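Residue numbers (this note's numbering): 1 to 167.
What follows is the structure in C-alpha cells.
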C-alpha cells in the first residue's frame, strides 16, 4: 500500500482539481466490463499514480480516507492476483517448464534449464551467469546466496523468454 504521509513525495502536491480521473481512465483504455478492477478501484489507482493523497481523493469522492485506503489496497491486491493469473497461464503454455526444488544449488539451475530447452528445441539467449541472475532476481527471497530455499518453476516460452514463479 502507498503511504499517505507525503514525506517521500517530491515537489509540491498536485492540485486535485486539475486531474480528470475520467480522462485518465479513458486514455488508459479502462473497461470495467473486462477489468478485474471496479471503476472506483481504477479511479483511486489512477489518482494515486498521479500523486494525489488519499485524503484529497476522499474529499473528491465524498468518502473517508480509510475507505480510500481500503479501496486502494483491494485494487492493488486485485492487480497482483491478475498478474499471477497471467504468469500461471503463460507457464501452462510455455514449451519448457523446469521445477527447481528447495535445497538446489543455484549454480545447477542453468544446466537443467538448458537441457530442457534443448529437448524442446527452444533457444535461450542467456549465459549461465545471466540465467542464474534472472532466476535469483525472479525468485526474490526464495534464493539466498547459492541456495534455492523454496521450490521454483522456471518456464521458457517459444521466443526464449524466461519467467520464474514461486508456487
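No residue lacks a Cβ here, since even glycine has one placed at the ideal position from N, Cα and C. Model, not experiment: these values are computed from the prediction.
- Within the segment 2–83, the complete alpha helix (DSSP H) segments at least 4 residues long are 21–28, 39–49, 54–61, listed from N- to C-terminus.
- Per DSSP, residue 150 has no beta-bridge partner at all.
- Just so you know, the alpha carbons of residue 107 and residue 140 end up roughly 16 Å apart.
- About 13 Å separates the beta carbons of residue 93 and residue 165, which is beyond the 8 Å limit, so they are not a contact pair.
- With respect to residue 154, residue 122 sits apart: the two C-beta atoms are not nearer than 8 Å.
- Counting every other CB atom within 10 Å of its CB across the protein chains shown gives residue 80 a total below 16, marking it as exposed.
- The DSSP-derived three-state label of residue 105 is strand.
- For a cut-off of 8 Å, the C-beta gap from residue 151 to residue 99 is around 7 Å, short enough to register as a contact.
- DSSP places residue 122 outside any beta strand (DSSP E), giving it a letter other than H or E.
- As computed with DSSP, residue 100 is found in a beta bridge with 152.
- As the crow flies, the alpha-carbon of residue 23 is around 10 Å from that of residue 30.
- Rounded to whole angstroms, residue 109 and residue 167 show a C-alpha spacing of 17 Å.
- Taking a 10 Å sphere around the C-beta of residue 120, we find fewer than 16 other C-beta atoms and assign the residue as exposed.
- Under the 10 Å beta carbon count, residue 116 is surrounded by 16 or more other beta carbons and is classified as buried.
- Note that the segment 36–47 touches the segment 65–75; at least 3 beta-carbon pairs, one per stretch, sit closer than 8 Å.
- Per the C-alpha coordinates, the member of 20, 147, 47 positioned closest to residue 103 is 147.
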